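First the structure, in the form of structure tokens, and then the observations on it.
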Amino acid sequence: MTGEDRLLEVEVRCPVGEELPSGDCRPGRLLMKLRIAGELPSYVHPDNLIELACEDCRYRLRKAGYQVRRVLHRYDMSGQLVETLTDGEVIKR
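Structure, rendered in structure tokens:
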């Protein structure tokens, strides 16, 4: 890495935050961190996705009465949420 290169760190979080009694919102659980050398890409090929299972969302849906086995959040390579899947059904963002 040269002096001009920089290392960017992108936090990938569950897109569903938690509302606190004070009315503030706590961000969703940290699922992973991406370390990207240089700049964020201006274009990311749509087929390159990162899928992360989210136990928090699975728990919330089950508590609400939905029988789901798995909740997957799909992110592109720059850490942006693309979509969320539950047992094959797409929830658009």
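In this note's numbering, the protein residues as written are 7 to 99. C-beta: ideal position from N, C-alpha, C; glycine also. Remember, it's a predicted structure, so these values are computed and weren't measured experimentally.
DSSP three-state assignment for residue i, whether helix, strand or coil
i: ARG66; result: helix
i: ASP93; result: coil
Close Cβ partners of residue i (< 7 angstroms) along its chain, the five nearest in sequence each way excluded
i: LEU36; result: GLU17 and ARG19
i: ARG64; result: VAL74, ARG76 and VAL77
Cβ-based neighbour list, residue i, same chain, cut-off 6 angstroms, excluding 5 preceding and 5 following
i: LEU91; result: LEU78
i: GLU24; result: ARG32
i: LEU58; result: LEU37 and HIS79
Residue i: CB within 6 angstroms of a non-hydrogen atom of the ligand ADP
i: ALA43; result: Only the bare structure without any ligand can be found here, which leaves the ligand ADP out of the picture.
Pair within 7 angstroms by beta-carbon distance, residue i and residue j
i: PRO27; j: LEU87; result: no
i: ARG41; j: GLU61; result: no
Residues near residue i by beta carbon distance below 8 angstroms, same chain, minus five either side
i: GLY29; result: none
Q: Counting only runs of 3+ residues fully inside the segment 18-54, write out the beta strand (DSSP E) ranges in chain order.
A: 36-43
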